[in-house]
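Mapping of the sequence shown onto this note's numbering: residues -8 to 136, in sequence order.
Positions of the beta carbon are idealized from the N, C-alpha and C atoms, including for glycine.
On a predicted model such as this, the values are computed, not experimentally measured, just so you know.
Here's the structure we're looking at; comments come further down.
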Amino acid sequence: MKISTKGRYAIRMLIDLAKHQGEGFVALKDIAKRQSISKKYLEQIVPALNKLNILITNRGYQGGYKLADTPDKYTVGMILRLTEGSLCPVSCLEQSPNQCERSSDCPTLFVWQGLYECINKYLDGITLQDILDKQKESYVNDYVI
């Protein structure tokens, strides 16, 4: 499994919004500049994030985007499922119950199921707030004399 640019950029965009959530609506051009991401690319990501009402949008002067909820409500897993689709390491796990004709005899099925459980547990255990906290922690410990 490889996370696409779209997934990584969506997470960076939402972290940026979380970091600036007390400032009202944030213009996409500002996010693009701070994150070194093309504004046009961010415009392609926004519709995927709007599917689950993650963003609140305001048009016109003072327009932009902000998170619909607090950063602790959004997990990395949730965001990646929106942008990537499935996080399954193998296609046979994408349907429940498993439709693979070999599933009852597959000697490696437990390996892929275990990996899938680990991926979900790990990514669903990290929120945008966790990322912000970790980033703050690294800034606090980064001092020069």
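**OP:** Determine, using beta carbons only, whether Val67 and Trp103 come nearer to each other than 7 Å.
**Re:** With contacts defined as CB atoms closer than 7 Å, Val67 and Trp103 fail to qualify as a contacting pair.
Original post:
Should Leu84 be labelled buried (16 or more other beta-carbon atoms within 10 Å of its own) or exposed?
Top reply: It counts as buried.
**OP:** Run through the region 44 to 91 for me and flag every whole alpha helix (DSSP H) of 4 or more residues, listed as ranges in chain order.
**Re:** As far as the region 44 to 91 is concerned, its whole alpha helix (DSSP H) runs of at least 4 residues are 67 to 75.
Original post:
If you draw a straight line from the C-alpha of Leu119 to the C-alpha of Asn89, how long is it?
Top reply: Cα to Cα, the separation comes out at about 32 Å.
Subject >> Endpoints, alpha helix (DSSP H) assigned at Met(-8) >> reply: Per DSSP, Met(-8) lies in no alpha helix (DSSP H) segment and is marked neither H nor E.
**OP:** Would you verify that the beta carbon of Ser87 is, or is not, closer than 7 Å to some beta carbon of chain C?
**Re:** Although the question refers to chain C, the structure presented lacks it and comprises just one protein chain.
**OP:** Report buried or exposed for Leu8, applying the criterion of at least 16 other Cβ atoms within 10 angstroms of its Cβ.
**Re:** It counts as buried.
Original post:
If we ignore side chains and look at the alpha-carbon of each, how far apart do Lys137 and Lys(-3) end up?
Top reply: Any question about residue 137 goes unanswered here, given that the chain covers just -8 to 136.
Original post:
Ends of the alpha helix (DSSP H) at Arg25?
Top reply: For Arg25, the enclosing alpha helix (DSSP H) covers residues Leu19 to Gln26.
Subject >> Spatial neighbours of Ser95 in its chain, beta-carbon cut-off 8 Å, leaving aside the 5 residues before and after >> reply: Closer than 8 Å at Cβ, skipping near neighbours: no residue.
Original post:
So Gly105 is in the alpha helix (DSSP H); what residue range does that whole segment cover?
Top reply: Its alpha helix (DSSP H) spans residues Leu100 to Asp115.
Original post:
Among residues of its own chain, excluding the 5 on either side of Arg25, which ones have a beta-carbon nearer than 7 Å to its beta-carbon?
Top reply: Within the same chain, Cβ atoms closer than 7 Å to the Cβ of Arg25 are found at Asp7, the five residues on either side in sequence being excluded.
**OP:** Identify, in the order they occur along the chain, each residue of the same chain with its Cβ nearer than 7 Å to the Cβ of Cys79, setting aside the five sequence neighbours on each side.
**Re:** Excluding sequence neighbours, Cys79 sits near Glu85 and Tyr107.
Subject >> Lys127 to Asp121 span [Cα, whole Å] >> reply: Cα to Cα, the separation comes out at about 10 Å.
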